[in-house]
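Residue numbers (the numbering used here): -8 to 103.
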């Protein structure tokens, strides 16, 4: 059976969800990059790597949704922690509302 269509679709869904998941993770508390990866790996089906997350974090910072703070680490060099800006919190609220609307709408269309 050729699952290429499904695989491509699933990849696009994951890509679209990453920003939402990252913002939700750092809304709870400030996290450094690897902590974000570790947190998101607990989300079934998300499949994320460090190579994926840093370009997204850079883009979110450029957009003014997140800010960074360097904090000393007892385990090596200082770590860059990410947290939401006020703009980030506002956008995240809209994103979560939209996601709930889409999920509710698509759930109503599904055939069990």
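Glycine included, every Cβ here is placed at the ideal spot set by N, Cα and C.
Taken through DSSP and simplified to helix, strand or coil, residue 76 comes out as coil. Membership of residue 10 in the alpha helix (DSSP H) is indicated by the continuous run -5 to 19.
By a beta-carbon distance limit of 8 Å, residue 78 does not contact residue 51. Their separation comes to about 10 Å. Of all alpha-carbon atoms in 62, 14, 20, 65, the one lying nearest the alpha-carbon of residue 49 is that of 14. The Cβ neighbour count for residue 16, taken over all protein chains shown within 10 Å, is at least 16; the residue is labelled buried.
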